[in-house]
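Structure first, commentary second.
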């Protein structure tokens, strides 16, 4: 129930729409019932002799009851017959039917629009809540999560709770009151027959409860399975080049086929169980109708019958409409179960605690003025320590480089400064203030990051550069591109700065992508710069262009460089050599080269000989 209420809360604001939905649905059902109620006077009056009609033209005394409104209609209809004949009364009845049917369908349409408004709110709020939460979580959260599974929560799970909200409105606000209206009228026609029809309710309800319980178990498996299907698809799309290069199409196809078959079989199992509810309730209803025919027929044929043939036929017509909300309720219960399962998956993400967040008294950092200091910093991924008691200082305006073998902790140090992760032990200080005491947004606004992989969006070149700053001046964007040595190739593309660069910028070469990211950093103009092996994937010619752009970017900035090629950091003020999470050597290029058997010296010699 808690999950169900939270799902409804996602459709906020829901109260006004739910109230209007109930009102319009009630009026639609009321006018539908009036249409069926016209059958009794129609059958009675059209087939009664005129003498009998003349005896029943007295106006009834007003009281608020179904009987009064029916008797009043008898009165109006009888007068029509007396004044205009039975054909004139038939015209009157036909016009009445058209009016009531129009009103029924008008209010039905309005109720559906209210339901769509609730769906719209739910879709918007659910996806926005998911997106806001995912973008606020620390990077470590995603190391154990499949992107495809998270994507399925945005798509299939949100779709399921959308359907759940729709059916819950029907189940709570429409169908029960529809049944009350119909059964109220059925009680008025015949108390005995209506009590007889109640036999279907406990029988149908019990079996539907068993069906929905089974649905909940299978729905949980299906939602997990579609997450796996999307994960395999997403991974395969990102690795098509490798799949083709290693002729691994058969392997990935088999892997996808296995999970896809599992998902399809689960969906079929759900459909088989879900669709059983509707025909079963209909079959049970038909059995009751047969019973009503036998029982009602015996009442009419008995000598002391107080049930007319017209009332009996109307009873059958009204009862046939009762099955529609009963079938709708059985379908709603099964869909709500699936929605609850999907809701649990969505709330699992939404309820995830953001481990890295601002505390109540976090400070703004208006300006970077002095230094960045690591004091006895240790960090681990799960049980493996990546950094062990790291201490160093980057003074304002300095260029500090990190070198070392793969896995020595270089990138981890770079990720700790903007608080992509938080330290386990020790502290990182900016201008003497622990970064945990500074607002996250305030830290990030002082930093520019250029990574080994150029991270771009499937958008225009202009928007990828201007991503660094809202409402950027086009002149500033072009200036940043020129400094990054990107303006020349941009103007040669099909639409210049308005060229769409494709998924992850795949329409551009590696060097072009990297220069776009450098232009983005130049436009931001941050005082602190982090370069994570920004030129390691480029050939010599392109690297020279990118390096020229980087030299400009690093001017008058505090820079932390993770270096693959030592030739790019010879001018660094300080070089830190890491091994197994510890700083083992420290100094500038010349100082480190003079160390006998030094790690930096060996690395330099290896790169020189190759």
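In my numbering, the protein residues as written are 5 to 614.
Where a beta carbon is used, it is the ideal one built from N, C-alpha and C, also for glycine.
Note that the structure is predicted; figures quoted are calculated from it, not measured.
Exercise for the section: Alpha carbon to alpha carbon, how far is residue 340 from residue 327? Give it in angstroms, no decimals. Expected result: Position 323 of the chain shown, counting from 1, holds the residue named residue 327. Position 336 of the chain shown, counting from 1, holds the residue named residue 340. Straight-line Cα distance between these residues: approximately 20 Å.
Practice task
Counting only runs of 4+ residues fully inside the stretch 494-576, write out the alpha helix (DSSP H) ranges in chain order.
Solution key: Whole alpha helix (DSSP H) segments, 4+ residues: 514-528 and 544-558.
Practice task
Please classify residue 549: is it buried, with 16 or more other beta-carbons within 10 angstroms of its beta-carbon, or exposed?
Solution key: The residue given as residue 549 occupies position 545 in the chain shown. That one is buried.
Exercise for the section: Please classify residue 299: does DSSP put it in a helix, a strand, or coil? Expected result: Taking the first residue of the chain shown as 1, we reach residue 299 at position 295. Looking at residue 299 - three-state DSSP - the assignment turns out to be helix.
Exercise for the section: Could you please give me the residues that DSSP links to residue 378 through a beta bridge? Expected result: Position 374 of the chain shown holds residue 378. The secondary-structure analysis by DSSP pairs residue 378 across a beta bridge with 396 and 432.
Problem - Close beta carbons around residue 601, own chain, < 7 Å, minus the five adjacent residues each side - result: The count along the chain shown starts at 1 and reaches residue 601 at position 597. Contacts found: none.
Exercise for the section: On the DSSP bridge assignment, give the partners of residue 451 in chain order. Expected result: For the purposes of this step, residue 451 is taken as residue 447 along the chain shown, with counting starting at 1. According to DSSP, which records beta bridges pairwise, residue 451 is partnered with 532.
Exercise for the section: Would you list the residues sitting across from residue 438 in a DSSP beta bridge? Expected result: Indexing the chain shown from 1 puts residue 438 at position 434. Paired residues: 433.
Practice task
Determine contact between the stretch 344-361 and the stretch 142-150, defined as no fewer than three beta-carbon pairs at a distance below 8 Å.
Solution key: Touching, yes, given that three or more Cβ pairs across the two stretches are closer than 8 Å.
Problem - Own chain, CB closer than 6 Å to residue 534, minus 5 neighbours either side, in chain order - result: By 1-based counting over the chain shown, the position of residue 534 is 530. The residues are 418, 453 and 564.
Practice task
Counting only the same chain and skipping the five closest in sequence on each side, list residues whose C-beta sits under 6 Å from that of residue 308.
Solution key: In the chain shown, counting from the first residue as 1, residue 308 sits at position 304. Residue confidence is low: residue 308 scores 48 on pLDDT, short of 50, so the model does not pin down where it sits. No coordinate-derived value is stated.
Practice task
Decide if the stretch 103-120 is in contact with the stretch 25-40; the criterion is three or more beta carbon pairs, one per stretch, under 8 Å apart.
Solution key: In short, these stretches touch, since the Cβ pair count reaches three.
Handout entry: Residues near residue 14 by beta carbon distance below 6 Å, same chain, minus five either side
Key = Position 10 of the chain shown, counted from the first residue, corresponds to residue 14. The answer, listed in chain order, is 126, 129 and 130.
Exercise for the section: With DSSP as the reference, label residue 308 as helix, strand or coil. Expected result: Residue 308 sits at position 304 when you count from the first residue of the chain shown. The predicted position of residue 308 is uncertain, since its pLDDT is 48 and thus under 50; a value taken from the coordinates is nonetheless stated next. It is coil, neither helix nor strand.
Exercise for the section: Let me know if residue 12 comes out buried or exposed under the rule of 16 or more other beta-carbons within 10 Å of its beta-carbon. Expected result: By one-based count along the chain shown, residue 12 stands at place 8. So residue 12 counts as buried.
Practice task
Report all residues from its chain with a CB closer than 7 Å to the CB of residue 366; omit the five preceding and five following residues, and keep chain order.
Solution key: Taking the first residue of the chain shown as position 1, residue 366 is located at position 362. Around residue 366: 441, 442 and 443.
Exercise for the section: Return the CA-CA distance between residue 315 and residue 296, expressed in angstroms with no decimal places. Expected result: The residue you call residue 315 lines up with position 311 of the chain shown. The residue you call residue 296 lines up with position 292 of the chain shown. So the two alpha carbons sit approximately 13 Å from each other.
Practice task
Determine the burial state of residue 291: buried for a count of at least 16 other Cβ atoms within 10 Å of its Cβ, exposed for fewer.
Solution key: Within the chain shown, residue 291 is the residue found at index 287, counting from 1. The residue in question, residue 291, is exposed, as its Cβ has fewer than 16 Cβ neighbours within 10 Å.
Exercise for the section: Would you kindly report the start and end of the unbroken alpha helix (DSSP H) that includes residue 482? Expected result: Here residue 482 refers to the residue found at position 478 when the chain shown is read from its first residue. Note, residue 482: alpha helix (DSSP H), 478-487.
Practice task
Could you check how far apart the C-beta atoms of residue 122 and residue 42 are, in whole angstroms? I think they sit under 8 Å.
Solution key: Along the chain shown, one-based indexing puts residue 122 at 118. Along the chain shown, one-based indexing puts residue 42 at 38. That belief does not hold up - the Cβ atoms of residue 122 and residue 42 are roughly 33 Å apart, past 8 Å.
Handout entry: With 16 other Cβ atoms within 10 Å as the buried cut-off, status of residue 466
Key = As a working note, residue 466 is residue 462 in the chain shown. With 16 or more other Cβ atoms within 10 Å, it is buried.
Practice task
Report yes if the CB atom of residue 233 is closer than 8 Å to the CB atom of residue 200, and no otherwise.
Solution key: Against the chain shown, residue 233 aligns to sequence position 229. Against the chain shown, residue 200 aligns to sequence position 196. For the 8 Å CB-CB criterion, residue 233 and residue 200 do not form a contact.
Problem - is_contact[residue 580, chain D] using C-beta, thresh 8 Å - result: In the structure shown, chain D cannot be found, because there is only a single protein chain.
Exercise for the section: Determine the closest residue to residue 390 out of 439, 425 and 457, with distance taken between C-alpha atoms. Expected result: The sequence position of residue 390 within the chain shown is 386, counting from 1. Its Cα nearest to that of residue 390, the residue 425 stands out among 439, 425 and 457.
Practice task
List in chain order: all unbroken alpha helix (DSSP H) runs of 4+ residues lying wholly within the stretch 62-137.
Solution key: If we require 4 residues or more, the stretch 62-137 turns out to have no alpha helix (DSSP H) run fully inside it.
Practice task
Measure from the alpha carbon of residue 97 to the alpha carbon of each residue in 81, 89 and 87, then state which is nearest.
Solution key: For the purposes of this step, residue 97 is identified with residue 93 of the chain shown, where counting begins at 1. It is 81 whose Cα lies nearest to the Cα of residue 97.
Handout entry: Boundaries (first-last residue) of the beta strand (DSSP E) holding residue 587
Key = Locating residue 587 in the chain shown gives position 583, counting from the first residue. Start and end: 586-591.
Problem - Separation of residue 435 from residue 263, as counted between CA atoms - result: Start at 1 with the first residue of the chain shown, and residue 263 comes out as number 259. Start at 1 with the first residue of the chain shown, and residue 435 comes out as number 431. About 53 Å.
Problem - Best match in 590, 530, 505 and 536 for proximity to residue 561 [C-alpha to C-alpha] - result: If you number the chain shown from 1, residue 561 lands on position 557. The option with the nearest alpha carbon to residue 561 is 530.
Practice task
List the endpoints of the continuous beta strand (DSSP E) containing residue 360.
Solution key: For the purposes of this step, residue 360 is identified with residue 356 of the chain shown, where counting begins at 1. No beta strand (DSSP E) contains residue 360, which DSSP labels as neither H nor E.
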